[in-house]
Amino acid sequence: MKICIVGGGNLGTAMAVDFAAKNHTVNVLTSRPQDWQRKIFASITTSGEPAQEFSADLNLVTSDAAAAFDSTDYIFVTLPSHVQAAFAEKVAPFVNYKTKLVMIPGFGGAEFLLQPLLKRGAKLFGFTRVPYIARLKQYGKSVWFERKPSISLAAFRGKDTTSVVRDMEKLFTVPCAATDNYLSITLTPSNPVLHTSRLYAMFGQSDSAFERNELFYAAWNDKASEILFKLDDEVQAICRALPEVDLSDVISLKIHYESDTIPALTKKLRSISSLSKILSPMKQAADGWRPDFDNRYFKCDFEFGLDILLQFAETLKLPSPTMNEVMTWYRHKTGNFMRAVKLSDYGINSAEDIYKFYGGANSMQKTLVLIKPDAFGKGHAGAILKIYEDAGFKILAAKVMRMTPELAAKHYVEHIGRPYYPALVDFMTSAPIMALVLCGDDVIKKVRELNGATNPAEAADGTIRKLYAEDKTKNAVHASDSETSAAREILIFFGAYEIFD
Ligand code: ADP
Ligand code: MG
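Residue numbers for the sequence shown, in the numbering used here: 33 to 533.
This is the structure:
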C-alpha cells in the first residue's frame with residue numbers, strides 16, 4: 033500500500049517505520065522534514081520479551097502536502113486536535129472523494145475540525161484508541177513502541193468499513209474490529225477523561241509547585257480515580273440518552289480496566305508496565321515543577337476532548353457536575369473561555385441533530401451533466417469524463433439515452449419560445465446523449481467553469497466547449513446552473529435508485 037502519515041510525533045514515527053518495514057511505501061508530511069533521516073530505527077517490545085531492533089526506509093519526508101498525498105491509499109493523521117483545523121484548510125486543495133483519512137486516535141473533534149476535507153468528499157475513519165504506546169527516542173530518527181493487542185475503528189457517516197478493516201489488519205498486524213458509528217469513537221472514555229481527571233487531581237487542589245515531574249500513571253492516585261469514575265459515569269449517561277445509536281461499544285472504564293472500586297482502578301493504572309515511564313505534562317519553573325498548559329494533554333484533552341463531551345451532555349440536558357467542575361477549573365487556570373469547537377456551529381442543538389450529524393448521508397452538492405449528441409457521437413465522452421474526474425468530482429449516475437421532444441421540453445422549459453428553441457430540440461433529439469450526475473464540493477459552479485461559455489467562440493482555453501463544441505447550439509455539454517435547477521433536472525433523467533451516493 034502507499035501511505036501518507038501526517039505528523040512526526042511518537043505515533044506518526046512508529047507507524048511510519050512499522051509500515052515501511054512491511055514494505056509499504058510511506059510518505060511523511062511534517063513541518064520539519066529537514067530534521068528527518070530516511071532510515072528510521074525502531075525498538076519494539078512485546079510484554080515480557082526483550083526489545084527487538086529494526087529499521088526501515090521511508091519513501092518521502094516532506095512539508096509539501098501535494099507530494100505527500102499523491103496517489104496514497106490512506107492518509108493517517110496523528111495531529112493533535114488544536115492544529116487539525118489549520119491542517120484541513122491548508123491541504124483541502126489536495127483532497128477529493130478518493131481520499132481516505134484515518135485519524136489516530138479518532139476522538140477529539142476530527143469530525144468537526146476536518147469538515148473542509150469532508151465537504152470535498154474525503155472519507156473519514158477514526159481509531160477508537162491508539163494502536164501503540166510509542167515514545168520517540170530521537171526526533172526524525174528513532175522510536176520505541178509497543179503494540180496494543182487489537183485495534184478498532186469507525187467510519188464517519190456509515191461508509192463501508194470492510195476493506196478498510198482488512199487493510200488496517202495488514203498494516204498493523206493485529207486484529208481490527210469495526211464499530212457502528214463514529215459517535216462511539218467520540219464518546220470513548222479515553223484521553224479526554226483519563227488525562228483530564230489525573231491533571232485535575234494533580235493540579236486542581238493546590239497551586240504549589242512540585243519537587244519533581246511526577247510519573248503520570250505509575251504515581252496515579254485515588255483522587256484521580258474518583259474523578260475518572262465520575263467522568264466515566266457522565267459519559268455513560270450521554271450514551272443512554274442517545275438510544276437510537278448503538279453505543280454498546282462505548283465501554284465503561286470499570287469494565288475496560290476490570291476495576292470497579294477506586295483503589296482497584298488506582299492499582300490497575302499504576303501497574304500497566306508499558307505506561308510506567310510516562311511523565312506528566314509539567315515544566316520546570318523557578319520554584320519547582322508546574323503544569324505545562326501548552327502540552328497536548330491540556331490543549332487537546334480539555335479544550336477539545338472533554339469540552340465536546342460536556343457539550344453533548346449540555347445538548348441532551350444531562351447534569352454533568354464533574355465535567356463542568358473540571359472544565360471550569362481549566363478555563364480559569366488558563367484564562368481561555370472560548371470554545372474551540374461549538375456543536376451549534378455544526379447544527380447540533382438536540383438529540384435529533386446528533387443523530388442527523390452522525391448518521392447523515394452524502395450531503396455533497398450534485399449537478400446534472402449531459403454530454404450532447406455532437407460530443408457523444410464523436411466519441412469524446414471518455415475525454416470529458418476524465419476532465420470531471422480529474423477535477424475531483426465523482427460520478428454518481430450515468431446512462432446513454434436518447435432525448436425525446438417531451439423530455440427536451442421538460443429539461444429546457446425556460447427556453448421554450450426562444451428563437452433558437454426548435455433547433456435546440458432538433459439537435460438534442462437527433463442522436464444519443466450521455467446523462468450524468470456528478471457530486472463534489474461546489475460542483476455546480478465548477479463544472480460550468482470546466483464546460484466554458486455557451487458560445488464556444490467565447491469559451492476559455494482548456495474548457496470542454498473550447499475543445500469539443502462546434503457552435504452555439506452544438507456546444508458539447510450541458511450542466512445545471514443552480515441548486516434548484518440541479519435538483520429539478522436530476523429527477524428528469526434519473527430515479528433515486530440509479531444515483532449511487
Ligand atoms: P448553457 O447551456 O450554457 O446553460 P443556456 O441555458 O443559455 O446555456 O442555453 C441552453 C442551450 O440552448 C445552450 O447550451 C445551447 O445549446 C442552446 N442555445 C442557447 N442560446 C443559443 C443561441 N443564441 N443560439 C443557438 N443556441 C443557443
Ligand atoms: Mg442552462
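Note that CB positions come from ideal geometry on N, CA and C, so glycine has one too.
Which term fits Gln343, buried or exposed, when burial requires 16 or more other beta carbons within 10 angstroms of its beta carbon? buried
Assigned secondary structure, Met396 (DSSP; H/G/I helix, E/B strand, else coil): coil
Taking the beta carbon of Arg70 as the centre, do at least 16 other beta carbons fall within 10 Å, making it buried, or is it exposed? exposed
Taking the alpha-carbon of Met33 as reference, which of Asn42, Ala209, Phe108 and Phe73 has the nearest alpha-carbon? Phe108
Provide the residue span of the alpha helix (DSSP H) that contains Phe525, from first to last. Glu515 to Phe525
Could you have a look at Gln343 and say whether DSSP puts it in helix, strand or coil? helix
Whole-angstrom Cβ separation of Leu146 and Gln116, contact assumed at under 8 angstroms? 6 angstroms
Check: Leu402 C-beta below 7 angstroms from any heavy atom of the ligand ADP: no
Got a sec, what are the start and stop residues for the beta strand (DSSP E) Leu43 sits in? Per DSSP, Leu43 belongs to no beta strand (DSSP E); it is in the alpha helix (DSSP H), Asn42 to Ala53.
Using DSSP with H/G/I as helix, E/B as strand and the rest coil, what is Asn483? helix
Whose beta carbon lies closer than 7 angstroms to any heavy atom of the ligand MG, going through the chain in order? His510 and Asp513
Bridge partner(s) assigned by DSSP for Asn59: Cys36 and Leu92
Please say whether Ala241 and Trp321 have beta carbons closer to each other than 8 angstroms? yes
Heavy atom of the ligand SAM within 7 angstroms of Asn507 beta-carbon: Only the ligand ADP and the ligand MG can be found as ligands here, which leaves the ligand SAM out of the picture.
Are Lys398 and Leu470 close, meaning C-beta to C-beta below 8 angstroms? yes
Are there 16 or more other CB atoms within 10 angstroms of the CB of Thr354, so buried, or fewer, so exposed? buried
With a Cβ-Cβ cutoff of 8 angstroms, do Phe334 and Thr228 count as a contact? yes
Jot down the residue ranges of each uninterrupted beta strand (DSSP E) in the region 328–385, minimum 3 residues, whole runs only, in chain order. none
Should Tyr452 be listed as close to the ligand ADP, given that the test is whether its C-beta is under 7 angstroms from any heavy atom? yes
Val109 in three-state terms, based on DSSP: strand
With DSSP collapsed to three states, give me the class of Thr205. coil
Find out if the Cβ-Cβ distance for the pair Ile340, Thr436 is shorter than 8 angstroms. no
Where Val162 falls: helix, strand or coil (DSSP): coil
My parser needs the beta strand (DSSP E) runs of 3 or more residues fully inside the region 222–264; what are they? none
Per DSSP, the bridge partner or partners of Met460: Answer is none; Met460 lacks a bridge partner.
Based on DSSP bridge pairs, tell me the residues matched to Ser184. Ala209
Using three-state DSSP, classify His412 as helix, strand or coil. coil
Tell whether a beta-carbon distance below 8 angstroms holds between Leu297 and Ser238. no
Helix, strand or coil: how does DSSP classify Lys426 here? strand
Locate the alpha helix (DSSP H) running through Ile72, then write down its first and last residues. Careful: Ile72 lies outside any alpha helix (DSSP H), inside the beta strand (DSSP E) at Lys71 to Thr77.
Residue range of the unbroken beta strand (DSSP E) whose run includes Pro323: Gly320 to Pro323
Step through the CB atoms of chain C and report whether any lies within less than 8 angstroms of the CB of Lys365. The structure shown has no chain C; it contains just one protein chain.
Provide the residue(s) that pair with Ile465 in DSSP beta bridges, ordered along the chain. Met433
Can you give the beta carbon distance from Ala440 to Met460, rounded, assuming they're within the 8 angstroms contact cut? 5 angstroms
Heavy atom of the ligand ADP less than 7 angstroms from the Cβ of His412, yes or no? no
Using the Cα positions of Lys477 and Leu400, report the straight-line distance between them to the nearest angstrom. 12 angstroms
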